[in-house]
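Enquirer: One structure, as structure tokens, below. Some questions next.
In the numbering used here, the protein residues as written are 182 to 340.
In structure tokens:
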């Protein structure tokens with residue numbers, strides 16, 4: 182069983198934020214706007230959203246950090262027929278490790294409105310040179326889904 186990862190603001194400082202590049206590609210759409218901006222449209226032809234990809238050194242110079250990962254998503258059909266997963270992990274030579282996922286089919290998500298999904302993530306302390314953080318949404322459905330943004334806040338220990 183997983184234990185929830187908390188961020189104690191007395192022990193951690195928010196030091197930076199990373200965003201996906203959803204607007205810098207040909208899937209950017211103005212069909213559904215998020216905060217007045219275009220969104221990333223996913224359907225049966227697109228399984229992965231643009232990812233946040235960072236090396237451990239880009240995240241922190243400390244031995245670990247905590248991340249608050251947030252995604253805004255808009256479903257056009259019931260989640261039961263349009264499942265997806267918010268995925269956070271590290272990658273070492275093509276092998277994922279320290280995965281943390283939110284399976285959206287387990288949540289009560291309304292249709293045709295923006296929903297915020299978030300999770301806290303603890304980076305591994307056994308970092309290896311070249312490992313990369315990957316954060317993305319995996320789309321398992323066929324109906325359109327719109328991603329407003331995916332963001333990772335970095336919280337570093339104060340010591």
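Heads up, the beta-carbon is just placed ideally off N, CA and C, and yes, glycines get one too. Please read these numbers as outputs of a predicted model, since none were measured by experiment.
(1) Rounded C-beta distance between residue 321 and residue 265? I'm assuming under 8 angstroms.
(2) Kindly indicate which three-state DSSP category residue 285 falls into: helix, strand or coil?
(3) Between residue 296 and residue 263, what straight-line distance do the alpha-carbon atoms span, to the nearest angstrom?
(4) Specify whether the region 326-340 and the region 282-290 touch according to this definition: at least 3 beta carbon pairs, one from each stretch, less than 8 angstroms apart.
(5) With DSSP as the reference, label residue 270 as helix, strand or coil.
(6) Considering only residues of the same chain and omitting the five flanking positions on each side of residue 343, which have a CB-CB separation below 6 angstroms?
Expert: Per the coordinate set shown:
(1) Sure, about 6 angstroms apart at Cβ, within 8 angstroms.
(2) Here residue 285 carries a helix assignment [DSSP, helix/strand/coil].
(3) One C-alpha to the other measures close to 15 angstroms.
(4) No, the region 326-340 is not in contact with the region 282-290.
(5) Looking at residue 270 - three-state DSSP - the assignment turns out to be strand.
(6) Here the chain covers residues 182 to 340 and nothing more, so residue 343 does not appear.
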